[in-house]
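There are 2 protein chains.
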Amino acid sequence: MKQRIEDVGEFLKENGIKPSYQRIKIYEYLVKYYNHPTVDMIYRELVPKIPTLSKTTVYNTLNLFIEKKITAIIVIDENETRYDAGTSVHGHFQCNECARIDDIDIDLSKIEIPIPEHYEVSEQHFYFKGKCSNCN
Amino acid sequence: MKQRIEDVGEFLKENGIKPSYQRIKIYEYLVKYYNHPTVDMIYRELVPKIPTLSKTTVYNTLNLFIEKKITAIIVIDENETRYDAGTSVHGHFQCNECARIDDIDIDLSKIEIPIPEHYEVSEQHFYFKGKCSNCN
DNA sequence: ATTGTATTTTGTAACCGTTACAAATATGGT
DNA sequence: ACCATATTTGTAACGGTTACAAAATACAAT
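Chains as they are written, first to last, in the numbering used here: chain E, 14 to 149; chain V, 14 to 149.
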């Protein structure tokens, strides 16, 4: 879910990422909207400000963020990958009509998951699909 | 999760699907292994028995199964779509090493999900990633 | 059985999101 | 300013999936 980031450049540095202009703008996009965007959504928003921006840069940057664990991939849309600056465990809801993705707060303490013996869990994901209030 | 299907041809008919040879074999694969296969896994297994089989047929058939709701898509692998003949709500675990997917039984009654007002939920998905016992 | 019609299967080409790669550009230290 | 390094960019390739039309099959009526 959302977390306050005061200085994006500083935040990137703290996480071992040299804060280039493109990287700052891309991360700022993530924390400004928290809208679980596709690469294309980020690209279309930033290109007017950074005319030379390449989609490859957006891909590279997001993959770097993921490697440094300040961004998570949300595997929920069959067609496009979604990205989330919120890296804590929480759920998502995707509307089948407008494709928007909302955060869902899930109380993990109440959930018992029968993971088999000798299995090691590194990620937990919960997602729902249906129709959001705008499309209903 | 797993459900017993005695006569696949009859089962397909009951669900409004004309039971062609290919369709029967593909559905038989799903219920024989319940291994959440990719298209390629199904294709490679069946080609020796059906030498003329086309991958397009596998895609077409699975999409038909999904339309008729006797198969579900599992969105868990970033690269390839997975298919599941078990259409009840349950969880999945994918191993990051060998990519295999196991079923996880989840007690839904204990889970409270704070879905926003006027949202309509049609699907619930739970999945986990990590290392399975074979790879540990 | 034969014909005609609709359905299913098949192969090819296209589509699209993503990545590989090398050239161009920017950055930082001396 | 110069050099070494890191970053960005554009193009081409890759791979999973789908569109499409032709070929094969199944089915009904005569």
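C-beta: ideal position from N, C-alpha, C; glycine also.
Taking the runs of the alpha helix (DSSP H) that are 4 residues or longer, which of them lie wholly in the region 57-90 of chain V? 68-80
I'd like to confirm the pairing. Which residues does DSSP put opposite Ile117/V in its beta bridges? Counting from 1 along the second sequence, the entry for residue 117/V is found at position 104. In the DSSP output, where bridge partners are listed per residue, Ile117/V has Gly104/V.
Within a Cβ cutoff of 8 Å, which residues of the same chain sit near Leu66/E, ignoring the five residues on either side of it in sequence? In the first sequence, residue 66/E corresponds to position 53, counting from 1. These residues qualify, in order along the chain: Gln35, Tyr56, Leu59, Val60.
Starting from Gln137/V and walking both ways along the alpha helix (DSSP H), at which residues does that stretch end? Residue numbering aside, residue 137/V sits at position 124 when the second sequence is read from its first letter. First-last for Gln137/V: 133-144, but that is the beta strand (DSSP E), not the alpha helix (DSSP H).
What number of angstroms, rounded off, separates the C-alpha of Gly22/E from the C-alpha of Tyr42/E? Working through the first sequence from its first residue, we reach residue 22/E at position 9. Working through the first sequence from its first residue, we reach residue 42/E at position 29. The alpha-carbon atoms of Gly22/E and Tyr42/E are separated by roughly 13 Å.
Cα-Cα separation between Arg95/E and Asp20/E, rounded to whole angstroms: Here residue 95/E is taken as the residue at index 82 of the first sequence, counted from 1. Here residue 20/E is taken as the residue at index 7 of the first sequence, counted from 1. Going from the Cα of Arg95/E to the Cα of Asp20/E covers about 24 Å.
8 Å contact criterion, which Phe139/V and Phe106/E should meet: CB distance rounded: Numbered from its first residue, the second sequence carries residue 139/V at position 126. Numbered from its first residue, the first sequence carries residue 106/E at position 93. About 13 Å separates the two Cβ atoms, so there is no contact after all.
Looking at the strands, I want to know which residues DSSP matches up with Arg17/V. Mapped onto the second sequence, residue 17/V falls at position 4. BP columns for Arg17/V are empty, so no partner.
Strictly under 8 Å for the Cβ-Cβ distance: is Asp53/E near chain V by that measure? Taking the first sequence and counting its residues from 1, the one referred to as residue 53/E is at position 40. Not an interface residue.
Contact belief for Gln16/E with Gly104/E at Cβ below 8 Å, rounded distance in angstroms: If you number the first sequence from 1, residue 16/E lands on position 3. If you number the first sequence from 1, residue 104/E lands on position 91. Incorrect: roughly 17 Å between the Cβ atoms, too far for contact.
Quick test of your reading: Val52/E and Leu75/E, contact by CB under 8 Å. State the CB separation rounded to the nearest angstrom. In the first sequence, the residue the question calls residue 52/E occupies position 39. In the first sequence, the residue the question calls residue 75/E occupies position 62. Contact flag correct, Cβ pair sits at about 7 Å.
By Cβ distance, which residues of its chain are closer than 6 Å to Phe141/E, with the 5 residues on each side in sequence left out? Here residue 141/E refers to the residue found at position 128 of the first sequence. Answer for Phe141/E: Phe106, listed in chain order.
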